[in-house]
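Okay, structure first, notes after.
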Amino acid sequence: MHWNVGKVKITKIVELETIGSTRFILPLASNEEIRKLPWLVPHFATEEGRLKMSIHSLVVETPSRRIVVDTGLGNDKQGRSVPTWNRRKGAFLETMTEAGFPPDSIDTVFCSHLHVDHVGWNTRLVGGRWVPTFAKARYVFGRTEYEHWRDHSEEPDKSAVFDDSVRPIVDAGRADLVESDSRLCVEITLIPTPGHSPGHISLHIQSDGEQGLLAGDVAHHPCQMAHLDWSSTADSDPVRSAVTRRELFSRFADTPTTVIGGHFDAGRIRRDGDAFRFTVQAGGPAHPL
Ligand SMILES: [Zn+2]
Numbered sequence: 221m222h223w224n225v226g227k228v229k230i231t232k233i234v235e236l237e238t239i240g241s242t243r244f245i246l247p248l249a250s251n252e253e254i255r256k257l258p259w260l261v262p263h264f265a266t267e268e269g270r271l272k273m274s275i276h277s278l279v280v281e282t283p284s285r286r287i288v289v290d291t292g293l294g295n296d297k298q299g300r301s302v303p304t305w306n307r308r309k310g311a312f313l314e315t316m317t318e319a320g321f322p323p324d325s326i327d328t329v330f331c332s333h334l335h336v337d338h339v340g341w342n343t344r345l346v347g348g349r350w351v352p353t354f355a356k357a358r359y360v361f362g363r364t365e366y367e368h369w370r371d372h373s374e375e376p377d378k379s380a381v382f383d384d385s386v387r388p389i390v391d392a393g394r395a396d397l398v399e400s401d402s403r404l405c406v407e408i409t410l411i412p413t414p415g416h417s418p419g420h421i422s423l424h425i426q427s428d429g430e431q432g433l434l435a436g437d438v439a440h441h442p443c444q445m446a447h448l449d450w451s452s453t454a455d456s457d458p459v460r461s462a463v464t465r466r467e468l469f470s471r472f473a474d475t476p477t478t479v480i481g482g483h484f485d486a487g488r489i490r491r492d493g494d495a496f497r498f499t500v501q502a503g504g505p506a507h508p509l
């Protein structure tokens with residue numbers, strides 16, 4: 221699955237896909253409520269009102285860079301609060317390599333934020349030690365986000381994530397801490413989008429007059445475009461996350477911007493009354509309107 225924004229190509233590498241069982245993350249998105257949003261079907265929900273979601277990485281190729289945005293759950297991790305996220309033995313790196321992206325070909329890793337499902341493949345277990353998976357890459361973390369988790373990782377499952385997937389990158393001298401509104405490369409600037417986490421960052425891609433937005437977890441699912449106040453249980457500041465959704469979606473609504481989520485595929489944001497909806501046009505989301 222891939223999309224083009226001017227000269228920039230974005231490829232989704234899936235680690236995990238799910239249908240339903242999302243009440244733990246979006247408790248207000250009941251099947252009954254989702255059935256009231258028929259535009260979610262078939263791409264983002266089933267006829268029965270169950271949500272389709274994925275844990276994935278996005279490989280972003282610019283004319284000069286090969287960037288992995290968010291790195292999923294990873295293998296062999298322990299201390300995760302979701303039981304099936306422990307001691308995984310997934311084929312993610314093989315999938316990436318088969319798609320044309322062997323780990324050593326990646327020059328940059330960018331994490332939208334430092335939650336468990338966005339940092340896992342930063343590292344892999346070799347001889348009992350966590351080492352950088354992408355051996356030739358610089359890892360770019362938002363400074364605000366990094367400092368928050370460095371200073372607030374006392375909860376057991378959070379400290380496990382930081383200790384096995386973030387700290388080893390810093391200790392190996394591979395991390396670059398950046399401000400939340402800085403530029404990543406010629407085509408990509410960062411947009412601070414706090415709320416889901418204190419230093420959450422979205423990516424704005426501009427190339428040849430076309431635009432893309434990698435929104436990260438500003439919304440976990442497009443149903444939150446219709447219901448901006450449906451904050452997720454994982455949001456560190458649910459009020460702020462709703463404000464951020466309105467601000468970000470207002471900026472890109474009704475523009476030909478390819479929007480991709482941290483857990484959903486590409487579409488375009490449309491104004492719909494006092495909120496928004498998400499559309500996938502026939503012929504693929506990368507085509508101009
Ligand atoms: Zn996430």
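Just so you know, the sequence shown maps onto residues 221 to 509 in this note's numbering.
Just so you know, even glycine gets a beta-carbon here, dropped at the ideal spot from N, CA and C.
Neighbourhood of residue i by C-beta distance below 7 Å, restricted to the same chain and skipping five residues each side
i	result
residue 309	295
residue 439	445, 465, 481
residue 325	286
Nonlocal neighbours in the same chain, by C-beta distance under 6 Å from residue i, ignoring five residues either side
i	result
residue 359	329, 389, 394, 395
residue 461	415, 416, 451, 455
residue 356	324
residue 344	353
Alpha carbon of residue i to alpha carbon of residue j, nearest angstrom
i	j	result
residue 244	residue 483	15 Å
residue 230	residue 400	21 Å
residue 427	residue 366	29 Å
residue 384	residue 494	43 Å
residue 268	residue 349	45 Å
residue 478	residue 433	6 Å
residue 319	residue 234	11 Å
residue 232	residue 405	20 Å
residue 509	residue 476	Here residue 509 scores only 34 on pLDDT, less than 50, and its place in the model should not be relied on; the value that follows carries that caveat. Each residue's alpha carbon lies about 6 Å from the other.
residue 497	residue 237	22 Å
residue 503	residue 487	Here the model assigns residue 503 a pLDDT of 48, short of 50, so the residue's position is not dependable, and the following value carries that caveat. If I take the Cα positions, the gap works out to 12 Å.
residue 314	residue 272	24 Å
residue 491	residue 392	45 Å
Per DSSP, cross-strand counterpart(s) of residue i
i	result
residue 359	329, 395
residue 405	408
residue 426	431
residue 273	238
residue 288	279, 329
residue 492	495
Neighbour-count burial assignment, residue i, 16 or more Cβ in a 10 Å radius
i	result
residue 435	buried
residue 347	exposed
residue 489	buried
residue 227	exposed
residue 241	exposed
residue 470	exposed
residue 361	buried
residue 260	buried
residue 239	exposed
Inter-residue CB distance, residue i and residue j (contact presumed, cutoff 8 Å)
i	j	result
residue 339	residue 386	6 Å
Own chain residues within Cβ distance below 8 Å of residue i, not counting five before or after
i	result
residue 292	235, 236, 275, 276, 277, 312, 337, 338, 340, 341
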